[in-house]
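Structure, as C-alpha cells:
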Amino acid sequence: MAQTKYPELLKEVSDDKEPEEGLNFIRTIIEEHNRTGRFDGKVHTRFPPEPNGWLHIGHACSILMNHKIAMDYGGIFNFRFDDTNPITEEESYVNAMIEDIKWLGVYKEYEDGTNNIFFGSGYFDQFYEYAEQLVEKGLAYVDDSSADEIKEQRGSITEPGKESPYRNRTIEENLDLFKRMKNCEFPNGSKVLRAKIDMSHPNLLMRDPIVYRILHAPHHNTGDKWCIYPMYDWAHGLEDSIEGITQSICTLEFEVHRPLYDWFLDQLTAEDGSPIFHPQQIEFAKVIISHMVSGKRVMIQLVKDGHVNGWDDPRMFTIAGARRRGVTADSLRKFMETIGVSKREKIIDQSILDHCIREDLNKKCPRVMSVLKPLKVILTNYPADKKEEIEVQNHPTIKEMGTRKIIFSKIIYIEQDDFMENPPDDYYRLSLGEEVRLKNAYLIKCEDVIREEKTGEISELHCSYRPKKEDDPKVKGTIHWISAENSIKAEVRLFDRLFVKENPMETEEGKVFTDYLNPQSLETTEALVESFLKDAKLGSRYQFERLGYFYLEPIDSKEDQLVFNRIISLRDSWTKK
RNA sequence: AGUCCCAUAGUCUAGCGGCAAUGAUACCGGACUUUGAAUCCGGCGACAGGAGUUCGAGUCUCCUUGGGACUACCA
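Pasting the structure below:
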C-alpha cells in the first residue's frame, strides 16, 4: 500500500542511505554532490602546477590523491599546466613535470590520440572572449593607474579601498582600450583590465582585482601571439570550467580566492545565455613532512649553494629525487592513502613515509648479500682449494622469487660492525671465542684477532667453522657475509635525512635553515656485492640482507663500477638502544 | 587590527547527537625467526579550555585560548 501511495517518499528513503564511514572530507563533499546530482554524478579532478619549478613529494601526494579520487568514482583526471605567466615559466619544467607524472602512473593516453595533459595557455583565446563579455556587461574596465596607485587604491585589511578614477569609463571605451591592449599598442604596466566588483569588500581580492596585465614577453607555448596575459584568479576558474572539472581541489591558501573564483564563473554566460559550467573549489592542507624542506626558493638555494647535487639529488624529496633514490611510486601512493587528507595544517612524521617505503619494498625486493665495510675472515679449518655452491632463497616468504647460488670458500668478508672484541651482554654477533651463524651457511667461531702492526686496527679474523651443520647448536646471532670468490666491488651511497631538525624552516634566533643541514646526509663507500649483480638490470632494487633496500642507480652506474643507492635502511631495533 | 579557516594520543587519521572514542605510525613488552628484518600477539597514549542547547555533546551554538591565511600587474 505505502509503496503505491508514497513512491517518491520510498525513493527518498532508499536514496538516503547512510554515507560511508571513513570518507575524508573531500570525498564526503563529492558524495554530497553525487547525492544531489550537482554534477550528474561525474567526478573530474585535476592538478594544475605552474611550470616554474620542481614537483616535490607534497605535490606527488596531491597528484596521486586527485587521481585516485577520480578513478574511484569512475571519473577523469587532468594534469594541467597553469602557464599564464611567461616571465617565470620554462619549457624545461614542463618536460620535467611530464616525466614525473608518467613515473607516478597518472599519465593517460586516450584512444583518439589525445592525452590528459593540458595547458592553460591553450585557452587564451577563450579567456579573451570571456573578458570581452565581462566588459560588455559593464563588469570590467581598463585602468590606467600604475601598480603603486592600484596598491594604494586597494586599502588594507582594516581600511576599505578607493575607487579608481578610471572605474567609470564607458563600455565602448573599455572595449576599444582592451582591444588595443591585446593589439600591443601599450607598453608594459601602462594599463590593466580590472573587474568591477567592490572596493570596500572585506576580502581584498574582491576589490576590483586585475584580470589582464600587459606583458610584452614570448610564451613557451603561444610564442609572440599575446602581449596581455591573464591573472591567476581569472584564468584558473575558467580553465577548470572549460575542462569540465567538477571538484577543483587546491591548498588552503586559496581559500580566500574562492569568492572570486565563484564570482567570475557566475558572471559569464555561454553563447546561448546559460551560465557556464561552475566547478566546486575545495581546499585542503598541503602535505609537509618532517626533516625536509619543499619551498621552491629554499630548494633552489640548496642546489645553488651545493648542499645537494642538483634538483634530483636523492636526498631531496623532489619527485625526481625520490625516483632517482629508488623510491617506488607505489610507496608514495600508499603514503598518500595512509596520511589521509584534512584541512588542518600539519607536519607528518617522516617515519610514516619510511614505513610505507619499506612495506612496499619488502614484498618486491629479492634478497642479496653485500658487505659495506668489509672485515676479512680466514676460516682456518677450511681447505684453501675448496669451494662450495650453496643454493639460497631470493626471498624468505615469496618462493616465486626463486633461488640462486652463492659460493662459500676459505676467505670471506663480514661487516666490521658484526664483530666486537669486548661486546656488551646483549650483543649477539661475532666476538672472540664466540660463535655466530653465517646466513645460509655455517657456524663460525672466532679464534684469533689479527691487527695492523702500526695502527693496531683489526685487519682480519681467524675463525673455525663447524662442517657438520646437523650438529650445530642454537646460536642467537646470524650475520651476512660474502665470499671473496663471489664478490665484486661497487659504490654504495648511503643517505640519511637532509636536516636534523623536524622543521628546518622554523629557525631559532640568529640561525638560518641551512644551519640544520645534516652533515652526514650522504656517505659514499665501496662495498662488496654478489658478483651476479654485474649483470643486473639498471634500476632494479634489492634488499641487501640486514642493511636495507638498494637501488641500482641507472645514471651513474658504469659497466665496471656499479652504483647502489640505499633507498632506506631496514628497521633497526638494535642500534637505537 | 578586520574578515575567513583550523583544533581528537609523540605524529597522521576515523568520528556526522547515544562507541569502553577508530585505524596507522612511533614507542614499550612478548612470541616466532638462519635478516636484531618481516610476521604475530599484548601494552602505552587523545577529544585545547569554559559556558550553553539536549534525557544525552568529541559531534550543535557562543566565548576564550592557540595556530594559520589574506594587504603581488605571482601562482
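Under the working numbering, think of the first position of the first sequence as 2, with each following residue one higher.
Ideal Cβ positions, reconstructed from N, Cα and C, are used throughout, including at glycine.
Mark residue i as exposed unless 16 or more other C-beta atoms lie within 10 angstroms of its C-beta, in which case mark it buried.
i    : result
P210 : buried
Q544 : buried
Q154 : buried
A528 : buried
K12  : Only weak support is given to the placement of K12: the predicted model assigns it a pLDDT of 32, under 50, and the value that follows is read from those uncertain coordinates. Exposed: under 16 other Cβ atoms inside 10 Å.
G549 : buried
K192 : buried
G162 : buried
N487 : buried
W575 : exposed
T5   : Residue placement at T5 is poorly supported in this model, since its pLDDT is 28, which falls under 50; the coordinates still yield a value, given next. T5 comes out exposed.
A218 : exposed
E560 : exposed
Y74  : buried
R430 : buried
N50  : A quick correction: the sequence has Pro, not Asn, at residue 50. Buried.
A385 : exposed
F208 : Checking the sequence, you will find Arg at residue 208 rather than Phe. The residue is buried, with at least 16 neighbouring Cβ atoms inside 10 Å.
V44  : buried
G121 : buried
V212 : buried
Determine, using beta carbons only, whether residue i and residue j come nearer to each other than 8 Å.
i    : j    : result
S295 : N25  : no
D149 : A321 : no
R494 : N441 : no
Q268 : L176 : no
R316 : V309 : yes
R36  : R359 : no
A132 : L194 : yes
I568 : I290 : no
R452 : I445 : no
T319 : H34  : no
Y262 : D234 : yes
I340 : F285 : no
P425 : H396 : no
F78  : V107 : yes
S465 : D497 : no
I391 : F420 : no
M232 : R259 : no
F500 : L518 : yes
G54  : Y94  : yes
Which residue or residues does DSSP assign as beta-bridge partners of residue i?
i    : result
G54  : For G54, which the question treats as bridged, DSSP gives no partner whatsoever.
R368 : Q544
H463 : I379, D449
W482 : I415
T525 : R494
P276 : T270
C62  : According to DSSP, which records beta bridges pairwise, C62 is partnered with nothing at all.
G75  : In DSSP, G75 forms no bridge with anything.
H45  : I77
Q562 : K559
C357 : The partner list for C357 (beta bridge, DSSP) is empty, contrary to what the question assumes.
I391 : I407
S488 : E531
F82  : F120
Helix, strand or coil: which one does DSSP assign to residue i?
i    : result
I569 : strand
W264 : helix
S332 : helix
H68  : helix
T537 : Just to set this straight, residue 537 is Ala in the shown sequence, not Thr. Looking at A537 - three-state DSSP - the assignment turns out to be coil, as it is neither helix nor strand.
G238 : helix
Y94  : helix
T404 : strand
S574 : coil
E33  : helix
C228 : coil
K470 : helix
Y552 : strand
M435 : Reading the sequence as shown, one finds Glu at residue 435 and not Met. DSSP places E435 in coil when its eight states are reduced to three.
I250 : strand
F40  : coil
I349 : strand
Would you say residue i touches the ligand ADP, meaning its beta carbon is less than 7 Å from a heavy atom?
i   : result
L56 : For the structure depicted, the ligand ADP is absent and the ligand set is empty, with no information on it obtainable.
Unbroken beta strand (DSSP E) runs of length 3 or more, entirely within the region 280-346: which are they? 281-285
Quick check for students: name the residue ranges of the beta strand (DSSP E) that lie wholly in the region 101-188, counting only runs of 3 or more. 118-120, 141-144
To test your reading of the DSSP string, which unbroken beta strand (DSSP E) runs of 3 or more residues are found completely within the region 190-221? 193-196, 211-215
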